[in-house]
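**Student:** Got a structure here, written out as structure tokens. Questions coming.
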Amino acid sequence: AVELCSLEAVSMLIEAEVPLDTGDFQGDTALHLCVEMKLKEHLQILASHKINEEDKLKVIDIQNTRHQTVLHRAVLEAWEPGVSILLENGADITAQDFNHETAIHFAAMIGNMNILDQLLNAGDHKIVIDITNKA
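Counting in our numbering, the sequence shown runs from 255 upward without gaps.
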């Protein structure tokens, strides 16, 4: 549905309760693909959807095989609208990839001050990341 850029198909899949936590061979979910294709409306719909009420892990915080969340990918793509959508929907800014890098580390690494500012002002931080990349 995302590859076809069809908002209607995305909405139908959500209504049919198709699991959104399923990834491809690299573990990338439909949300990762939204970021790759820079599909703002699709991302908004999917980011606000929960897997189920009991599950504490939100769809936006699912990690691929490189342990990258959708927020990691949006930062690496330097896609400010995507970062905003994910933060508005409660993406975990402290999630770490396989190298213990957070979205904050990536924003600093690529030198995107707008995204870095968004991340640093994204509400309550659960933990503070120290300079050694350890939580």
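Glycine included, C-beta positions come from ideal geometry on N, C-alpha and C. If you're wondering where the values come from, they're calculated on a predicted model, not measured in any experiment.
What span of residues does the alpha helix (DSSP H) with Asn-368 cover, start to end?
**Tutor:** Against the sequence shown, residue 368 aligns to sequence position 114. Taken as a continuous stretch (DSSP letters only), the alpha helix (DSSP H) holding Asn-368 covers 367–374.
**Student:** From Trp-333 to Ile-268, what distance separates their C-alpha atoms?
**Tutor:** Residue 333 sits at position 79 when you count from the first residue of the sequence shown. Residue 268 sits at position 14 when you count from the first residue of the sequence shown. Their backbone Cα atoms lie some 24 Å apart in a straight line.
**Student:** Is Gly-344 helix, strand or coil when you go by DSSP?
**Tutor:** Taking the sequence shown and counting its residues from 1, the one referred to as residue 344 is at position 90. In the three-state reduction of the DSSP assignment, Gly-344 falls in the coil class.
**Student:** Just the C-alpha distance for Phe-360 and Val-329, rounded to the nearest angstrom, thanks.
**Tutor:** Position 106 of the sequence shown, counting from 1, holds the residue named residue 360. Position 75 of the sequence shown, counting from 1, holds the residue named residue 329. Roughly 7 Å between the two C-alpha positions.
**Student:** Alpha carbon to alpha carbon, how far is Lys-294 from Met-266? Give it in angstroms, no decimals.
**Tutor:** To locate residue 266, count along the sequence shown from 1; it is residue 12. To locate residue 294, count along the sequence shown from 1; it is residue 40. Between Met-266 and Lys-294, the alpha-carbon positions lie close to 18 Å from each other.
**Student:** Compute the Euclidean distance between the alpha carbons of Gly-336 and Glu-271, then round it to the nearest angstrom.
**Tutor:** The count along the sequence shown starts at 1 and reaches residue 336 at position 82. The count along the sequence shown starts at 1 and reaches residue 271 at position 17. Between Gly-336 and Glu-271, the C-alpha separation is close to 24 Å.
**Student:** From Asn-343, Thr-283, Gly-344 and Ala-376, pick the residue whose C-alpha is nearest to that of Ile-358; which is it?
**Tutor:** For this step, residue 358 is matched to residue 104 along the sequence shown. Nearest option by C-alpha distance: Ala-376.
**Student:** Going by the CB atoms, is the gap between Ile-314 and Ala-345 shorter than 8 Å?
**Tutor:** Walking along the sequence shown from the start, residue 345 turns up at place 91. Walking along the sequence shown from the start, residue 314 turns up at place 60. A contact, by the Cβ cut-off of 8 Å.
**Student:** With a Cβ-Cβ cutoff of 8 Å, do Val-229 and His-296 count as a contact?
**Tutor:** The question about residue 229 has no answer here: the residues shown for the chain are numbered 255 through 389.
**Student:** My assumption, with CB atoms under 8 Å, is that Gln-298 sits in contact with Ile-339. Please give the rounded CB distance.
**Tutor:** The residue you call residue 298 lines up with position 44 of the sequence shown. The residue you call residue 339 lines up with position 85 of the sequence shown. About 5 Å separates the beta carbons of Gln-298 and Ile-339, which is inside the 8 Å limit, making them a contact pair.
**Student:** Classify Thr-323: buried if its beta carbon has 16 or more other beta carbons within 10 angstroms, exposed otherwise.
**Tutor:** Walking along the sequence shown from the start, residue 323 turns up at place 69. With 16 or more Cβ atoms within 10 Å of its Cβ, Thr-323 is classed as buried.
**Student:** With 16 as the cutoff for other CB atoms within 10 Å, does Lys-312 come out buried or exposed?
**Tutor:** Here residue 312 refers to the residue found at position 58 of the sequence shown. Buried, because 16 or more other Cβ atoms sit within 10 Å of the Cβ of Lys-312.
**Student:** Secondary structure at Asp-282, three-state DSSP: helix, strand or coil?
**Tutor:** Mapped onto the sequence shown, residue 282 falls at position 28. Correct three-state label for Asp-282: coil.
**Student:** On the DSSP letters alone, give me the boundaries of the alpha helix (DSSP H) that Gln-298 sits inside.
**Tutor:** Here residue 298 is taken as the residue at index 44 of the sequence shown, counted from 1. Here the alpha helix (DSSP H) through Gln-298 covers 294–301.
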